[in-house]
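Participant: With the working numbering applied, the sequence shown corresponds to residues 93 to 343, in that order.
A virtual CB, placed ideally from N, CA and C, is assigned to each residue, including glycine.
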Amino acid sequence: LGIVTAEAEVGQVLHKPILNATASAKQFGLNGTPLGDVIAASATYNYDLEQIDLQGTVLNAAMDTSKVVGYISPIRNDMLLDIDVNNLDLSFIKTYLSVFANDMAGIASGKLYVGGDLQAIEIWGDAYVKDAMLSIDFLKSKFFFEDSVTIKKNAFIFKDIEITDQFGNKGKVDGLVTHDKFNEFVYDIDIAVNNLLAFNTTELDSPDFYGKLYATGTAHILGDMNNVEIDVMAKPEKGSYFAIPINSYMD
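1) Tell me the start and end of each unbroken beta strand (DSSP E) in the stretch 239-305 that is at least 3 residues and wholly inside, in chain order.
2) H312 to A200, Cα distance in whole Å?
3) DSSP on I338, reduced to helix/strand/coil?
4) Helix, strand or coil: which one does DSSP assign to L172?
5) The beta strand (DSSP E) with G217 in it runs from where to where?
6) How many angstroms separate the CA atom of L226 from the CA atom of Y139?
7) Give me the Cα-Cα distance between I213 and G207, rounded to the nearest whole angstrom.
8) If contact is defined by three or more beta carbon pairs under 8 Å, each pair taking one atom from either stretch, is the stretch 167-176 in contact with the stretch 257-266?
9) Just the C-alpha distance for K244 and D282, rounded to the nearest angstrom, thanks.
10) Please state whether the Cβ-Cβ distance between N292 and G263 is less than 8 Å.
11) Measuring alpha carbon to alpha carbon, tell me which residue in T310, S332, L210 is nearest V324.
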């Protein structure tokens with residue numbers, strides 16, 4: 093996504109390739125999410141390391157700048173970008189979380205790295221996330237938070253993060269979600285809630301069991317997308333209900 097304008101010098105000296113390029117891009121984006129305009133971007137071929145060294149700046153609609161430095165190596169088939177993030181729209185991550193989250197949003201500032209094998213890109217770093225929302229597919233509830241999140245190459249780590257539901261009811265989350273290159277997600281999460289809308293499914297979501305749960309207490313979520321165990325020590329609050337249609341168990 094984007095409209096690129098570039099100037100490049102390509103040549104060869106003593107059988108060594110030379111590449112010097114400058115570029116800009118309007119409406120640059122990733123996975124359908126506009127991230128801003130790329131300004132003052134440059135690329136230079138590093139023949140000693142057999143890679144293209146990159147640097148540039150992304151200017152978003154709010155005039156915040158994020159700095160990018162790194163390289164890409166088609167010969168080694170790898171890359172690494174070191175990104176100083178300033179109010180970056182995280183909606184582009186939706187694609188990678190779609191296995192367990194049906195929606196997400198947030199604005200991040202901090203240090204992120206994007207790299208690895210070109211066929212299996214990884215993301216890691218530390219960021220402060222504000223205006224964040226995560227909708228867990230099998231719960232069909234939306235959770236909002238503003239806190240620091242640690243992103244490992246194979247995990248998202250949540251340390252005592254305060255969450256709220258759409259009505260402002262509060263809870264806390266501690267745990268991690270591991271994955272193998274954004275596949276095979278495994279959850280190990282502890283949640284403490286106070287009248288939080290934790291479960292919000294309809295008959296269309298799960299005809300055999302559905303309902304709405306406002307909960308006070310604790311829960312431990314452990315498992316993967318094929319088998320999730322939820323150990324709950326909580327009481328339902330006013331407004332909760334469950335439906336188990338009788339004909340689901342009749343021939």
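Facilitator: Judging by the given coordinates:
1) Runs found: 247-256, 262-270, 278-292.
2) Within the sequence shown, residue 312 is the residue found at index 220, counting from 1. Within the sequence shown, residue 200 is the residue found at index 108, counting from 1. Approximately 27 Å, taken between the alpha carbons.
3) Taking the first residue of the sequence shown as 1, we reach residue 338 at position 246. It is helical.
4) Counted from its first residue, the sequence shown places residue 172 at position 80. Taken through DSSP and simplified to helix, strand or coil, L172 comes out as strand.
5) Your numbering for residue 217 matches position 125 in the sequence shown. Where G217 is concerned, the enclosing beta strand (DSSP E) stretches over 214-228.
6) Here residue 226 refers to the residue found at position 134 of the sequence shown. Here residue 139 refers to the residue found at position 47 of the sequence shown. L226 and Y139 have their C-alpha atoms some 44 Å from each other.
7) In the sequence shown, the residue the question calls residue 213 occupies position 121. In the sequence shown, the residue the question calls residue 207 occupies position 115. Taking the Cα positions, I213 is about 5 Å away from G207.
8) The stretch 257-266 is not in contact with the stretch 167-176.
9) Within the sequence shown, numbered from 1, the residue matching residue 244 stands at position 152. Within the sequence shown, numbered from 1, the residue matching residue 282 stands at position 190. Each residue's Cα considered, the two are about 19 Å apart.
10) On the sequence shown, residue 292 is found 200 positions in, with the first residue counted as 1. On the sequence shown, residue 263 is found 171 positions in, with the first residue counted as 1. No, Cβ-Cβ distance for N292 and G263 is not below 8 Å.
11) The residue given as residue 324 occupies position 232 in the sequence shown. The residue with the shortest Cα to Cα distance from V324 is T310.
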